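For the record, in the sequence shown the residue sitting at position 48 is 48 according to the working numbering, with numbers rising by one throughout.
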Amino acid sequence: MASPSDLTASLPNPAPAPSTGGAKTSGQASEPRSGAAEDLPRIVPRRRVGRLLSATVALLLFAMVVNSVVRNRAFQWDVVGDYFTSAAVLDGLLLTLWLTGLVMVLGFLLGIPLAVMRLSANPVLSTLSWGFVWIFRSTPLLVQLLFWFNIGALYPTLGLGIPFGPQFVTVKTVNLLGPALTAVIGLTLHEAAYAAEVVRGGILSVDAGQTEAAQALGIGRARTLRRIVVPQAMRSIVPTAGNMLIGTLKGTSIVSVLAVHDLLYSVQLVYNQTYQVIPLLVVATLWYIAVTTVLSVGQFYVERHYARGAARALPPTPVQRLRARLAAYRLSLRSLWNY
């Protein structure tokens, strides 16, 4: 019988331990090499020479334009400052804002039923809606205003009574339709034609499966349109409606041909007396720019509100974008300084 020592001697020799590459034995912590951090390459941002040159040229041209406007005495900035908050200009501005808001509200109140009629399966309602939109989109706004202003030549009196029968109440058109009411009617009918197409496009942008799902659940058509279709269509309606609002604000200046005391007509009355045409036009321009800027900011936040269901992350606000750009600019400056 073989002894244990003989069995041990017959076993193969164990494999040598893998080399640790000069590592120290267990129980001793390995020390990092000195100067290892200095051996890493430094990350340097890419230098965009073309972007820098284009920005410099753009800023130079912008500075030249601003300098020419500010130092040009023909603008008469002192006169602009005197009339910017004058009573006549502010009264015209208030009438412009009132006219814009009223026309937009009435236009969409009339445009929404027209859009529903256009989408209706009833051929009579669909044809009437299409004809209304066709006529008022095909005719220039100035022609419409002049037509309504002279409507008394076609219908000297307007009455209320039995259709094709006797009239109980009659009134002269000249006494009923003044310049302001004529402007409201003309602008409202013009805006209603465009609002109908905007609302119709927004409704058609909603997936048909939403309506089919609502019908499968037994929800009526009116409730489906009000609670399901319209909220989703607002994502497509709001941007175009915001552009229409700004366009209506500027388009109200055309009512000055009817002697309506809007902002432009009020400015015209002033420079017809003082002959200071350029500074008074600058006053009107600055007010239009200020109001348009406020409306644009409001449009952005309304669009952001209705984008909650379509995007996982809401688009950043202008303040957030400015902060992000300033942070990126500081980081780039710090990198260049360290380099």
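Ideal Cβ placement from N, Cα and C applies to all residues, glycine included.
Every value quoted in this text rests on a predicted model; they were computed, and no experiment measured them.
Q.
I want to check one thing, is the minimum distance from the CB of W130 to the heavy atoms of the ligand MG below 7 Å?
A. Ligands are entirely absent from the displayed structure, and the ligand MG is therefore not among its contents.
**Q.** CA-to-CA distance, L269 to V124, given in whole angstroms
**A.** 48 Å
(Q) Do D262 and G92 have their beta-carbon atoms positioned less than 8 Å apart in this structure? (A) yes
Q) Short check: CB of E303 to CB of P239, under 8 Å? A) yes
Q) In three-state terms, what does DSSP make of A17? A) Bear in mind that a pLDDT of 48 at A17, under 50, signals an unreliable position, so the number given afterwards is only what the model happens to contain. Three-state result, A17: coil.
Q: In the DSSP assignment, find the beta strand (DSSP E) that holds G161 and state where it starts and stops.
A: T157 to G161
Q.
Could you tell me the alpha carbon to alpha carbon distance between P316 and N272, rounded to whole angstroms?
A. 47 Å
Q: Tell me whether L249 is buried or exposed, calling it buried when 16 or more other Cβ atoms sit within 10 Å of its Cβ.
A: When all chains shown are included, L249 counts as buried.
Q. Quick one, are the C-beta atoms of S236 and S256 less than 8 Å apart?
A. no
Q: Run through the segment 120-181 for me and flag every whole alpha helix (DSSP H) of 4 or more residues, listed as ranges in chain order.
A: Uninterrupted alpha helix (DSSP H) stretches at least 4 residues long and entirely within the segment 120-181 occur at 123-138, 141-149 and 173-176, given in chain order.
Q. On the premise that V89 lies in contact with S266, defined as a C-beta separation below 8 Å, what is that separation, rounded to the nearest angstrom?
A. 6 Å
**Q.** When L331, Y329, I246 and R330 are compared against I289, the one with the closest alpha-carbon
**A.** Selection L331, Y329, I246 and R330 evaluated against I289 yields I246 as nearest (Cα-Cα).
**Q.** Buried versus exposed call for Y83 [16 or more other C-beta atoms within 10 Å across all chains shown]
**A.** buried
Q | Range of the contiguous alpha helix (DSSP H) that encloses F84 | A | Careful: F84 lies outside any alpha helix (DSSP H) and carries neither H nor E.
Q. Buried or exposed: where does M64 fall if 16 or more other Cβ atoms within 10 Å of its Cβ makes it buried?
A. When all chains shown are included, M64 counts as exposed.
(Q) In whole angstroms, give me the CA-to-CA distance for F108 and Q299. (A) 16 Å
**Q.** Counted within 10 angstroms of its Cβ, other Cβ atoms place G27 as buried (16 or more) or exposed
**A.** Any reading at G27 must be qualified, since the residue scores a pLDDT of 45, below 50, and its modelled position is unreliable; no value is offered.
(Q) Could you compute how far the alpha carbon of E197 sits from the alpha carbon of W134? (A) 11 Å
**Q.** C-alpha distance - L53 paired with R46, whole-angstrom precision
**A.** 15 Å
(Q) Suppose contacts are defined by Cβ-Cβ distances below 8 Å. Is W148 in contact with G186 by that definition? (A) yes
Q) Which value, in whole angstroms, describes the spacing of the CA atoms of L217 and R223? A) 12 Å
**Q.** Euclidean distance between Cα positions of L179 and L146
**A.** Going by the sequence as given, residue 179 is Pro instead of Leu. Between P179 and L146, the C-alpha separation is close to 10 Å.
**Q.** 7 Å Cβ shell around V80 - same chain, five flanking residues per side excluded
**A.** P279, V282 and V283
Q: Assign R118 to buried or exposed, taking buried as 16 or more other Cβ atoms, counted over all protein chains shown, within 10 Å of its Cβ.
A: A residue is called buried once 16 or more other Cβ atoms fall within 10 Å of its Cβ, and R118 is buried on that count.
Q | Nonlocal neighbours in the same chain, by C-beta distance under 7 Å from F132, ignoring five residues either side | A | L114 and A193
Q. Quick one: Cα of V199 to Cα of A121, how far?
A. 17 Å
Q.
Helix, strand or coil for G186? Go by DSSP, reduced to three states.
A. helix
Q | Complete alpha helix (DSSP H) runs within the segment 212-286 (minimum length 4 residues, chain order) | A | 221-224, 230-251 and 263-274
Q. DSSP state of T96, grouped into three classes?
A. It is helical.
Q: Output yes or no for whether 8 Å exceeds the beta carbon distance between T188 and T170.
A: no
Q | Contact under 8 Å by Cβ, Q167 with L160 | A | yes
Q: Take the Cβ of A153 as the centre, count every other Cβ of all protein chains shown within 10 Å, and call the residue buried at 16 or more, exposed below.
A: exposed
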